[in-house]
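Asks: To convert, take the position in the sequence shown, counting from 1, and add 72; that gives the working numbering. Virtual Cβ for every residue (Gly too), placed ideally from N, Cα, C. Keep in mind that this is a model prediction, so the values were computed, not measured. Please find one structure pasted underneath; my questions will follow.
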Amino acid sequence: MNAARGARATRPTLVRHKVLWLTVLAYLITYMDRVVISTAAPSIQKEYGFHDVTMGWIFAAFSISYALFQIPGGWLGDKFGPRRALTGVVLWWSTFTAATALTWSAGSMIVTRFLFGMGEAGAFPIATRSLSRWMLPAERGWAQGLTHAGARLGGAVTPFFVALLIVDFGWRMPFVAFAGVGVAWAIFWFWFYRDSPREHASVNEAERVMIEEALGEGRTRASVPWAKLLAQPQLWLLSAMYFCYAYCINIFLTWFPKYLHDARGYDIALMGLFASLPLLAGVVGDLAGGWFSDHLVKRGRGLLFARRWVSVVGFTIAAIMIPLATASDSHPVSIACFCLALFGLELTVGVSWAVTLDIGGEFAGSVSAVMNTIGNLGAFVAAAATGYIVTASGWGAAFGVLAGLCVAAALLMFTIDASRPLIDEPARG
73 MNAARGARAT RPTLVRHKVL WLTVLAYLIT YMDRVVISTA APSIQKEYGF
123 HDVTMGWIFA AFSISYALFQ IPGGWLGDKF GPRRALTGVV LWWSTFTAAT
173 ALTWSAGSMI VTRFLFGMGE AGAFPIATRS LSRWMLPAER GWAQGLTHAG
223 ARLGGAVTPF FVALLIVDFG WRMPFVAFAG VGVAWAIFWF WFYRDSPREH
273 ASVNEAERVM IEEALGEGRT RASVPWAKLL AQPQLWLLSA MYFCYAYCIN
323 IFLTWFPKYL HDARGYDIAL MGLFASLPLL AGVVGDLAGG WFSDHLVKRG
373 RGLLFARRWV SVVGFTIAAI MIPLATASDS HPVSIACFCL ALFGLELTVG
423 VSWAVTLDIG GEFAGSVSAV MNTIGNLGAF VAAAATGYIV TASGWGAAFG
473 VLAGLCVAAA LLMFTIDASR PLIDEPARG
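Rendered as structure tokens:
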């Protein structure tokens with residue numbers, strides 16, 4: 073008891089914040105590595121003579137693999153611990169990032185990108201698990217918002233650097249260079265990170281006590297109780313909400329530039345600029361949503377209120393702004409509305425991943441993997457269905473689907489209680 077009082081009187085170290093920033097860097101690297109091929113695609117097609125359909129299958133190989141291996145990736149984090157699991161998957165996908173430069177045909181590239189996707193599939197679930205024993209409940213929304221802001225920022229800035237490397241060294245060099253960044257990160261992660269604050273030599277007693285009073289001392293590594301987890305309706309409601317979110321965000325990551333070119337008549341330069349602006353607004357939304365949700369928790373409003381209402385407000389903003397953006401004849405007004413829509417949409421993402429920590433506990437990796445699997449199915453449907461919708465009914469209908477899904481997501485959030493864990497006492501392995 074006296075030791076605990078003494079620990080509280082000492083200023084806590086901030087090792088958990090260093091863990092958070094290292095995790096943010098991991099998220100940044102995931103998006104850096106996955107968008108390299110988008111920028112390099114014209115050069116690849118020029119060298120090999122790939123048709124657009126062939127290039128589409130090369131892109132799809134990653135998407136399919138990424139969706140299929142979310143749950144196995146989350147299981148790795150829960151079974152072996154984030155220190156070993158995240159080191160392993162980053163080394164795996166970095167290997168196949170570099171291997172993309174060695175491909176010689178469409179088939180070899182499809183196989184390589186599929187194997188690359190297997191590794192990246194574990195990134196978000198394991199990284200979420202890595203924070204579950206470190207971040208205080210009142211810091212989780214900010215932490216998840218910050219990590220996803222890092223991911224969005226990585227996707228936004230990478231094309232510029234890739235283009236410079238391609239101009240000077242050819243399309244293969246970016247894959248090798250970015251793979252090296254991943255390897256360096258994995259080595260540092262394994263050296264610095266520990267699965268529990270008790271295992272980290274730099275954590276003082278004050279920080280350890282503060283974390284353990286909030287989260288408990290941690291348990292021996294448990295087997296994942298899949299039957300119990302998958303029987304919880306709340307897990308599927310959360311996943312359905314994330315399906316709606318992922319469908320919407322994927323449109324802005326894939327189809328939005330084509331919309332600006334075809335429907336708005338922008339040339340390539342303006343298209344690139346105006347396609348980036350909403351995504352940059354989304355970075356602000358990532359940070360704001362997580363911060364405000366945690367602020368509400370600190371003010372005593374409770375997890376249910378803090379998680380639910382930030383998401384509901386975000387989805388409502390997006391549902392209103394998307395139709396206004398497509399209906400406006402003014403280009404500046406349209407882009408401004410799209411920026412507000414992306415801001416609102418991204419208000420929700422840090423909260424969604426914070427909920428997986430809130431309700432998942434020791435099994436946050438597996439819970440987040442299920443949510444992200446369903447979400448990536450939504451992204452796949454968005455990529456495939458939008459072309460048909462635009463052909464049949466135009467861009468207004470395609471964006472109308474997004475508005476409807478935002479309304480559905482807001483309603484689903486009313487059914488999710490972040491204060492109620494899926495499993496109170498996890499099974500022991």
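#1: Going by DSSP in three states, aspartate 401 sits in which element: helix, strand or coil?
#2: Does alanine 464 pass the burial test, meaning 16 or more other C-beta atoms within 10 Å, or should it be called exposed?
#3: Taking the alpha carbon of threonine 420 as the point to measure from, which residue in Thr398, Ile446, Leu163 and Asp358 has its own alpha carbon closest?
#4: Express the C-alpha separation of glycine 433 and glycine 386 in angstroms, rounding to a whole number.
#5: Comparing alpha-carbon positions, which option in Val356, Phe452 and Ala256 lies nearest tryptophan 165?
#6: At the level of alpha carbons, what is the spacing between alanine 378 and glycine 194?
#7: Could you compute how far the alpha carbon of phenylalanine 186 sits from the alpha carbon of alanine 399?
#8: Can you tell me the Cα-Cα spacing of valine 281 and proline 154, whole angstroms?
#9: Once DSSP output is grouped into helix, strand and coil, what is the label at methionine 207?
#10: Could you tell me the alpha carbon to alpha carbon distance between isoleucine 116 and tryptophan 243, rounded to whole angstroms?
#11: Check whether the stretch 216 to 231 touches the stretch 359 to 376, counting contact only when three or more Cβ pairs, one atom from each stretch, lie closer than 8 Å.
#12: If distances are taken between C-alpha atoms only, which option among Leu351, Gly222 and Ser202 comes closest to isoleucine 407?
#13: Quick one: residues in its chain with C-beta nearer than 7 Å to the C-beta of leucine 287, no 5 flanking neighbours on either side, listed in chain order?
#14: Distance check for alanine 157 and leucine 148, CA to CA, integer angstroms please.
#15: For the 8 Å Cβ check, are there 3 or more pairs between the stretch 302 to 321 and the stretch 442 to 459?
#16: Quick check on tryptophan 129: does DSSP put it in helix, strand or coil?
#17: If you reduce the DSSP assignment to three classes, tell me which class leucine 494 lands in.
#18: Taking leucine 449 as the reference, give the member of Leu477, Ala318, Leu376 and Gly459 with the closest Cα.
#19: Compute the Euclidean distance between the alpha carbons of alanine 353 and leucine 414, then round it to the nearest angstrom.
#20: Name the residue from Val423, Ile143 and Glu284 whose alpha carbon lies nearest to the alpha carbon of proline 84.
#21: Looking only at its chain, what residues have a beta carbon closer than 7 Å to the beta carbon of alanine 170, apart from the 5 residues adjacent to it on each side?
#22: Under a Cβ-count criterion, where at least 16 other Cβ atoms within 10 Å of its own Cβ denotes burial, should tyrosine 460 be classed as buried or exposed?
#23: Use the C-beta contact count for valine 405: other C-beta atoms within 10 angstroms, 16 or more gives buried, fewer gives exposed.
#24: According to DSSP, is threonine 487 helix, strand or coil?
#25: Relative to the C-alpha of phenylalanine 486, which residue among Trp381, Val356 and Gly146 is closest?
#26: Under 8 Å between the Cβ atoms of tyrosine 138 and alanine 223?
#27: Helix, strand or coil for phenylalanine 122? Go by DSSP, reduced to three states.
#28: Quick check on alanine 303: does DSSP put it in helix, strand or coil?
#29: Going by C-alpha to C-alpha distance, which of Ala480, Arg373 and Ser491 sits closest to threonine 428?
#30: Apply the 10 Å Cβ neighbour rule to glycine 21 and answer buried if 16 or more other Cβ atoms are within range, or exposed otherwise.
#31: Put glycine 222 into one of helix, strand or coil per three-state DSSP.
#32: Skipping 5 residues on each side, what residues in its chain have a beta carbon closer than 8 Å to that of glutamate 192?
#33: Taking the alpha-carbon positions, what's the alanine 469 to valine 462 distance?
#34: Measuring CB to CB, does phenylalanine 122 end up less than 8 Å from alanine 173?
Replies: Reading off the structure:
#1: Three-state DSSP puts aspartate 401 in coil, outside helix and strand.
#2: Residue burial annotation: alanine 464 is exposed, with fewer than 16 other C-beta atoms found within 10 angstroms of its C-beta.
#3: Proximity to threonine 420 across Thr398, Ile446, Leu163 and Asp358 peaks at Asp358, based on C-alpha coordinates.
#4: When only Cα atoms are considered, glycine 386 and glycine 433 end up about 25 Å apart.
#5: Of Val356, Phe452 and Ala256, the residue nearest in Cα terms is Ala256.
#6: Looking at the two C-alpha atoms, the distance is approximately 28 Å.
#7: Near 39 Å, if we compare the C-alpha coordinates of alanine 399 and phenylalanine 186.
#8: Their backbone Cα atoms lie some 21 Å apart in a straight line.
#9: It is coil, neither helix nor strand.
#10: Roughly 7 Å between the two C-alpha positions.
#11: Taking a contact to require three or more Cβ pairs closer than 8 Å, the stretch 216 to 231 and the stretch 359 to 376 qualify as touching.
#12: Residue Leu351 is the option with its Cα nearest to isoleucine 407.
#13: Result list for leucine 287: Arg205, in chain order.
#14: Going by the C-alpha atoms only, they are around 6 Å apart.
#15: They touch, by the three-pair rule.
#16: Tryptophan 129 falls in the helix class under three-state DSSP.
#17: Leucine 494: coil per DSSP, three-state reduction.
#18: Among Leu477, Ala318, Leu376 and Gly459, the Cα nearest to that of leucine 449 is on Ala318.
#19: A direct Cα-to-Cα measurement between alanine 353 and leucine 414 gives close to 6 Å.
#20: Ranking Val423, Ile143 and Glu284 by Cα distance to proline 84 puts Glu284 first.
#21: Excluding sequence neighbours, alanine 170 sits near Phe247, Val248 and Ala251.
#22: Label assigned to tyrosine 460: exposed.
#23: Its Cβ having fewer than 16 others within 10 Å, valine 405 is exposed.
#24: For threonine 487, the secondary structure class from DSSP, reduced to helix, strand or coil, is coil.
#25: Answer by Cα proximity: Trp381.
#26: Going by C-beta atoms, tyrosine 138 is not nearer than 8 Å to alanine 223.
#27: Assigned with DSSP and collapsed to three states, phenylalanine 122 falls in coil, not helix or strand.
#28: It is coil, neither helix nor strand.
#29: Comparing Cα positions, the closest option is Ser491.
#30: With the chain represented from 73 up to 501, any question about residue 21 goes unanswered, as that position is not in the structure.
#31: In the structure shown, the three-state DSSP call for glycine 222 is helix.
#32: Residues Thr102, Asp105, Arg106, Phe134, Tyr138, Val161 and Trp165 of the same chain have their beta carbon placed closer than 8 Å to that of glutamate 192, with the five preceding and five following residues left out of the count.
#33: Distance between the alpha carbons of alanine 469 and valine 462: 7 Å.
#34: Contact flag unset, no.
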